[in-house]
Every structure is written in structure tokens, then in C-alpha cells.
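What follows is a single structure, written as C-alpha cells, with notes after it.
In my numbering, the protein residues as written are 468 to 780.
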């Protein structure tokens with residue numbers, strides 16, 4: 468994206484001036500920069516600008532965008548779709564009413580929209596949602612920054628928290644119980660869970676009992692492994708919230724699927740009040756340690772690497 472922007476900006480000074488940049492580009496950048504210069508057009512900056520305008524909306528789960536788009540005209544829908552990630556577009560085209568889809572403008576019509584109109588559309592459409600104010604310059608990634616994560620990263624976090632909660636619940640369990648649980652997992656994951664059980668052996672009794680209770684609450688439901696871990700992770704996350712985290716929930720809700728958002732809300736209502744501030748702090752520590760683990764494994768955006776390392780120090 469940076470090279471694309473450089474190419475578009477350079478071409479504003481003229482083709483000859485733009486290509487003179489190649490003399491200063493290193494060997495690794497020369498070829499890709501030349502490709503961007505050849506592909507760039509007068510509309511490149513417009514496209515980049517539009518993508519930036521709609522970057523906040525693209526962070527919202529498409530299911531919530533769908534509800535808001537149902538109220539818009541086909542032309543406005545077309546403009547918004549033009550500037551969303553392809554995975555969002557696929558979802559929305561599959562779920563929008565057919566009559567609206569067939570009336571969407573052609574791609575070229577949705578592309579040529581003045582910046583003033585783009586801003587107007589964006590501001591009006593964003594009124595449906597909580598503003599996701601984010602900064603990439605944070606020194607330390609805290610619990611309150613969870614909504615900065617991408618949808619996919621949050622999904623990984625829920626699973627990681629679920630594995631932790633399962634391991635906590637198994638501390639002190641008999642070999643028979645351990646075997647029965649671990650047999651449901653592949654060999655690699657079973658070893659990972661067993662390793663976590665040993666790590667958590669010295670945790671406070673209240674935390675171990677709390678995790679066991681979470682397992683019992685889900686025990687009566689017929690869930691596959693992945694759904695089980697996800698719900699368990701959402702339970703663990705809900706226990707890290709305090710009463711003052713209203714904005715964090717609303718911001719997270721927009722990034723989650725409706726099913727996950729409903730579960731998180733339900734668990735927040737269930738657990739609101741019982742945990743002390745010390746226990747909430749412990750739960751938050753577990754959430755942040757899970758994030759650091761995902762970061763070390765290269766599963767989070769590299770932009771958070773330093774802030775998570777500082778948190779670990």
C-alpha cells in the first residue's frame with residue numbers, strides 16, 4: 468500500500484519525474500515500485516483516499532453493516548461496497564435483498580464519486596455505530612485496547628482463553644478425567660493443554676474453582692470442540708470486565724458476529740457484580756498473557772508487537 472501511494476503521488480509531478488524515483492530505490496524496491504508506477508492512474512489517490520475514509524467501517528463485522536445497509540439506496544450501497552474489504556463485500560452481496568443487489572450501480576459508477584460526497588456518505592453511515600477511535604502509537608497494550616484487534620485476531624483470542632480455562636479446570640483432576648478430556652483433542656493440542664495444566668498448578672484456588680464452574684455451565688450443551696473453546700473463552704473474557712467497561716463492550720460487539728456478541732452480552736449480565744476488583748485484575752492478566760502468546764507466535768498484527776512486549780516486561 469505504501470509503494471502504491473508513493474507511485475500515485477509521484478505521478479502528480481509528471482511521468483518523467485515519477486520514473487526518476489527508480490534511480491534512488493534499492494534493488495528490493497526497484498521492481499515493485501516500477502510496477503506500481505505503470506499501474507497507477509489519475510484515480511489512484513482517489514482510491515487510496517476512499518479506502519482511508521472507509522477504514523473504520525471496514526473494522527465492523529459485516530453482519531452489523533448488513534442491518535444498516537438495508538436502509539440505504541442501491542447507489543449508496545454501491546459506493547460503500549466499493550471501498551470495503553472483499554470478504555465483507557462477498558458476505559453483504561450474499562445477504563442483501565436480491566432486489567437491491569440487482570439495482571446496484573456498475574463498478575465504474577461507484578468509483579467516480581467526489582471526495583465531499585464520500586465524506587458525507589461515510590459520516591451519515593457511521594451514525595449507526597459506536598466510533599472506533601484507535602491509535603497505533605500506544606506504548607502499552609492494555610485490556611481497554613481489545614477492540615483495536617481485527618475480527619480474526621479476536622477469534623484467536625477467544626480460543627486461546629478457552630484453552631486456558633479448560634486447563635485451569637483440569638488442575639487437580641484425576642488421570643481418568645484428564646484422559647477423557649484430552650482424548651477429544653489431537654495429540655499436539657492434548658500435549659499443549661497438559662503443559663498448561665502444569666503451569667497453572669500453583670494458581671489460586673478460587674480461579675481453579677471458577678474455571679471448573681465455567682465447564683459445568685457448558686457441560687449440558689452439545690458443542691463441537693471449536694464452539695466449546697470459543698464459548699469458554701467468551702466466558703473467561705466476560706469475567707475480566709468491570710461495570711465501567713460499557714464502551715469496550717459496545718466497541719467489541721461491533722466487531723463480533725451477532726452470535727458471539729449475544730453470548731458475550733449474556734455472560735456479562737450473568738457475571739456482573741460477583742467478582743472483586745482483585746479477581747477482575749487477575750482475569751485481565753490472563754487475557755493479556757494470552758495476547759502476548761499469540762503475538763510471540765506471530766498471529767497478531769506486527770503493529771502491536773512492541774506494545775505487547777513492553778506489557779510483558
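Even glycine gets a Cβ: it sits at the ideal position worked out from N, Cα and C.
Remember, predicted model here, so these are calculated numbers, not experimental data.
Test item: CB-CB of residue i and residue j under 9 angstroms
i           : j           : result
residue 704 : residue 624 : yes
residue 563 : residue 594 : no
residue 707 : residue 633 : no
residue 635 : residue 675 : yes
residue 682 : residue 654 : no
residue 722 : residue 616 : yes
residue 541 : residue 572 : yes
residue 611 : residue 768 : no
residue 543 : residue 588 : yes
Collapsed DSSP secondary structure at residue i in the structure displayed
i           : result
residue 708 : coil
residue 700 : helix
residue 581 : coil
residue 562 : helix
residue 539 : coil
residue 602 : coil
residue 770 : helix
residue 555 : helix
residue 760 : helix
residue 545 : helix
residue 586 : helix
residue 612 : helix
residue 679 : helix
residue 671 : coil
residue 631 : helix
residue 528 : coil
residue 638 : coil
residue 695 : helix
residue 725 : helix
residue 664 : helix
residue 607 : coil
residue 739 : coil
residue 625 : helix
CA-to-CA distance, residue j to residue i, given in whole angstroms
i           : j           : result
residue 685 : residue 757 : 22 angstroms
residue 640 : residue 669 : 14 angstroms
residue 533 : residue 755 : 32 angstroms
residue 480 : residue 586 : The pLDDT assigned to residue 480 is 49, lower than 50, so where the model puts this residue is not dependable, and the model offers no usable value.
residue 513 : residue 529 : Note on residue 513: pLDDT 48, under 50, position unreliable in the model; the coordinate value appears next. Rounded to the nearest angstrom, the two C-alpha atoms are 24 angstroms apart.
residue 545 : residue 647 : 52 angstroms
residue 527 : residue 642 : 44 angstroms
residue 711 : residue 732 : 14 angstroms
residue 694 : residue 734 : 15 angstroms
residue 730 : residue 743 : 22 angstroms
residue 690 : residue 570 : 41 angstroms
residue 553 : residue 523 : 15 angstroms
residue 764 : residue 565 : 42 angstroms
residue 737 : residue 584 : 45 angstroms
residue 773 : residue 652 : 33 angstroms
residue 558 : residue 753 : 33 angstroms
residue 680 : residue 606 : 36 angstroms
residue 548 : residue 539 : 12 angstroms
residue 717 : residue 751 : 18 angstroms
residue 748 : residue 739 : 14 angstroms
residue 663 : residue 567 : 51 angstroms
residue 713 : residue 745 : 19 angstroms
8 angstroms Cβ shell around residue i - same chain, five flanking residues per side excluded
i           : result
residue 649 : 657, 660, 661
residue 770 : 603
residue 644 : 637
residue 697 : 622, 625, 626, 629, 727
residue 692 : 651, 652
Contacts around residue i, its chain only, beta-carbon distance under 7 angstroms, and the 5 residues preceding and following it disregarded
i           : result
residue 535 : 592, 595
residue 775 : 608, 758, 759, 762
residue 618 : 528, 722
residue 672 : none
residue 613 : 715, 719
residue 667 : 634, 635, 638
Chain-order list of residues whose beta-carbon lies under 6 angstroms from that of residue i (same chain, five-residue window excluded)
i           : result
residue 525 : 551, 552
residue 590 : none
residue 725 : 530
residue 766 : 623
residue 709 : 747
Q | Three CB pairs or more closer than 8 angstroms across the stretch 593 to 603 and the stretch 624 to 638 | A | Because the criterion of three Cβ pairs below 8 angstroms is not met, the stretch 593 to 603 and the stretch 624 to 638 do not touch.
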